[in-house]
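Residue numbers (mature numbering (1 follows the signal peptide of the UniProt record, and there is no 0)): -18 to -1, 1 to 218.
Quick reminder that beta carbons are idealized off the backbone N, C-alpha and C, glycines included.
Keep in mind that this is a model prediction, so the values were computed, not measured.
Scroll down for the structure; my scribbles are underneath it.
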Amino acid sequence: MRKLILPLIIVLFLTSCATHQGMISSSALNRPVKYEDIAYGVSQTNQVLGLGGLSKDALILEAKRELINNRPLKQNETYANFTVDFKRSFFPFYNQTKATMSADVVSFTNDPLADPYTEKYKQKLTRKSLANELFEIGDSVYINYHENGVIVSIENIDKVRVLSKTASGNSKTKLYSTSKIYTKSKDYKGYKVGDMYIYSRNIKGSFVKTSGRIIALGLDEIIVKTGSRKLNVFNY
């Protein structure tokens, strides 16, 4: 029995988990409005051994800044019905908190009998599902095999808009096919980020077994980092 205690402690210590918490703030609008669009903003922070990172208020503020940058208001528009979702992921030695903020974009109208929802708004509501179950809004992803980003919206059944940082620290968003991005935290097809991956490589005509750690999973490919920090890409 004693021999099982240490392995069990190690397994429990290395196991990651996540929790969710959400907030909704409804807006009281005294005039008829038309729902034009949905805006999103995402921010995240990391703590190592409980140290560092942004406060909850700072995360919300940063997510709001990103929301405004991603969908600036036009004339006669305002934001309404803010929601904030917090996802806390716990890993060995560090934890990550991600805040995803959304808001309806509405415009004021003088016609109370008109359809209150534009076609764009309806499409945003009905296009929340991708053709796969691997990705969703708020996910941290790799793009171009090494660049970090966050999914801020789903544009089609196989396309998402990803928020990332430029070399100068500015925010940018770009549309990507779901076949070109990789999750950094989810399980897929029996594989798990953080697990070891064993493969064969050809060395002077002989195939040698070697291994690396899975750092990201895509729809068709796995990204593996070796001990020399080299990135290799394999098909499932």
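Check	Outcome
Given this structure, state the Cα-to-Cα distance separating Asn77 from Ser188, to the nearest angstrom.	42 Å
Are Glu59 and Ser89 closer than 7 Å when you measure CB to CB?	yes
Report the partner residues of Glu129 according to the DSSP bridge assignment.	Ile125
Applying the criterion that 16 or more other CB atoms from any shown protein chain within 10 Å of the CB defines a buried residue, is Arg53 buried or exposed?	buried
Using a Cβ-Cβ cutoff of less than 7 Å, which residues in the same chain neighbour Tyr173 once the five nearest sequence positions on both sides are dropped?	Ile196, Leu199 and Ile204
Taking Glu18 as part of the beta strand (DSSP E), name the residues at either end of that continuous run.	Val15 to Val30
How would you label Tyr124, buried or exposed, when you count the other beta carbons within 10 angstroms and need 16 or more for buried?	buried
Need the endpoints of the alpha helix (DSSP H) that Ile42 sits in, please.	Lys38 to Asn52
Leaving out five residues before and five after Asp177 in sequence, what residues of the same chain have Cβ atoms less than 8 Å from its Cβ?	Arg195 and Ile196
Roughly how many angstroms lie between the CA atoms of Phe216 and Phe117, to the nearest whole one?	19 Å
Could you work out which residue in Gln105, Tyr61, Arg183 and Asn130 is closest to Asn138 when comparing CA atoms only?	Gln105
So, for Asn63: in the same chain, excluding its five sequence neighbours on each side, which residues have a beta-carbon less than 6 Å away from its beta-carbon?	Ser8, Ser9 and Asp86
Just mark Ile136 as buried or exposed, buried being the case when its beta carbon has 16 or more other beta carbons within 10 Å.	buried
What distance in whole Å lies between the Cβ atoms of Ser122 and Lys166, which are believed to be in contact at a cut-off of 8 Å?	5 Å
Within 10 angstroms of the Cβ of Arg211, are there 16 or more other Cβ atoms? Answer buried if so, exposed if not.	exposed
Looking only at C-alpha atoms, which of Lys147, Asn152, Leu201 and Val142 sits nearest to Ser161?	Leu201
Quick check on Glu137: does DSSP put it in helix, strand or coil?	strand
Please report how far the alpha carbon of Tyr181 lies from the alpha carbon of His128, in whole angstroms.	21 Å
Quick check on DSSP: helix, strand or coil for Ser161?	helix
Looking at the strands, I want to know which residues DSSP matches up with Val87.	Asp19 and Tyr61
Tell me which residues share the same chain as Thr82 and place their Cβ nearer than 6 Å to its Cβ, disregarding the 5 neighbours each side in the sequence.	Val24, Asp67 and Gly120
Cutting at 8 Å between CB atoms, please list the residues of its own chain near Val206, excluding the five before and the five after it.	Tyr179, Tyr181, Gly194, Arg195, Ile196, Ile197, Leu213, Asn214, Val215 and Phe216
Just tell me which of Lys147, Ala149, Lys141 and Ala96 has its CA closest to the CA of Asn114.	Lys141
Assuming the contact rule is C-beta atoms closer than 8 Å, Ser71 and Tyr22 should be a hit. Round their C-beta distance to whole Å, please.	19 Å between Cβ atoms; not a contact.
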